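Enquirer: Could you have a look at this structure, given as structure tokens, before my questions?
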Amino acid sequence: AQSVTQLGSHVSVSEGALVLLRCNYSSSVPPYLFWYVQYPNQGLQLLLKYTSAATLVKGINGFEAEFKKSETSFHLTKPSAHMSDAAEYFCAVSGNNAGNMLTFGGGTRLMVKP
Amino acid sequence: DTEVTQTPKHLVMGMTNKKSLKCEQHMGHRAMYWYKQKAKKPPELMFVYSYEKLSINESVPSRFSPECPNSSLLNLHLHALQPEDSALYLCASSQTPWEFYEQYFGPGTRLTVT
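Residue numbers (the numbering used here), protein chains in the order written: chain P, 1 to 114; chain W, 115 to 228.
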């Protein structure tokens with residue numbers, strides 16, 4: 001079975017500060033990992049994905065994430081937060097099952113202060 | 115075009131009504147999904163269609179009935195719903211059912227059961 005834990009259901013940063021959203025996974029096989037963002041009253045948008053090609057993955061809107069097998073982590077970072085980054089962020093894992101079932105973490109709400 | 119569309123955006127229905135949610139994608143994807151999302155929670159998988167065949171039903175009550183008329187369309191028929199079924203219903207699609215491929219989400223239908 002696989003699972004995802006997102007540490008911190010709420011994260012608050014100042015505009016221009018570093019964004020760090022934490023994600024740890026549990027999987028019995030090499031995982032595929034995803035970060036999605038959800039703005040209020042909208043669907044989920046893919047930020048980036050890890051599929052074993054490179055451990056540092058760059059995504060949209062200046063976000064990137066690093067896969068660390070030894071720490072079973074896939075933390076999301078952005079060097080400088082913008083007000084428009086305020087949203088809910090979900091880390092998800094898939095792998096070793098039929099039907100491409102995503103297992104989501106509980107989500108982290110990012111708040112950006114002016 | 116990486117868009118998944120969903121109609122209607124909002125739906126209010128009584129417990130004795132019958133209604134349908136519609137999802138459409140024109141990306142040539144062969145896997146489509148229905149998720150239910152309650153407020154401040156991650157999406158929960160309901161159904162997976164793989165090559166127009168139902169491949170996964172996550173023990174969803176029979177008052178929810180999915181249908182995949184063709185490779186571009188996915189419907190969710192609703193009947194005799196309960197107030198606790200009020201939620202955001204998200205449709206997603208991916209290139210194939212395999213876990214390597216990311217899922218593209220629609221904007222969702224906000225359902226309220228009165």
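Ideal Cβ positions, reconstructed from N, Cα and C, are used throughout, including at glycine. Predicted model only: the values in this text are computed from it and were never measured.
Please report the distance separating the alpha-carbon of Pro79(P) from that of Gly105(P).
Expert: Approximately 23 Å, taken between the alpha carbons.
Enquirer: Are the beta-carbon atoms of Ala92(P) and Leu102(P) separated by less than 8 Å?
Expert: yes
Enquirer: For Ile170(W) and Phe178(W), what's the separation of their Cα atoms in angstroms?
Expert: 14 Å
Enquirer: Specify, as a first and last residue, the run of the beta strand (DSSP E) that Gln151(W) falls within.
Expert: 145-151
Enquirer: Determine the extent of the beta strand (DSSP E) in which Tyr89(P) is found, giving its start and end residues.
Expert: 87-94
Enquirer: Taking the C-alpha atoms as reference points, what is the distance between Lys152(W) and Val227(W)?
Expert: Between Lys152(W) and Val227(W), the C-alpha separation is close to 13 Å.
Enquirer: Would you identify the three-state DSSP class for Ser3(P), choosing helix, strand or coil?
Expert: Three-state result, Ser3(P): strand.
Enquirer: Going by other Cβ atoms of all chains shown within 10 Å of its Cβ, with 16 needed for buried, is Tyr115(P) buried or exposed?
Expert: In the structure as shown, chain P begins at 1 and stops at 114. Residue 115(P) is therefore absent and cannot be evaluated.
Enquirer: Could you give the DSSP three-state label for Ser84(P): helix, strand or coil?
Expert: helix
Enquirer: Using a C-beta cutoff of 8 Å, does Phe63(P) count as contacting chain W?
Expert: no
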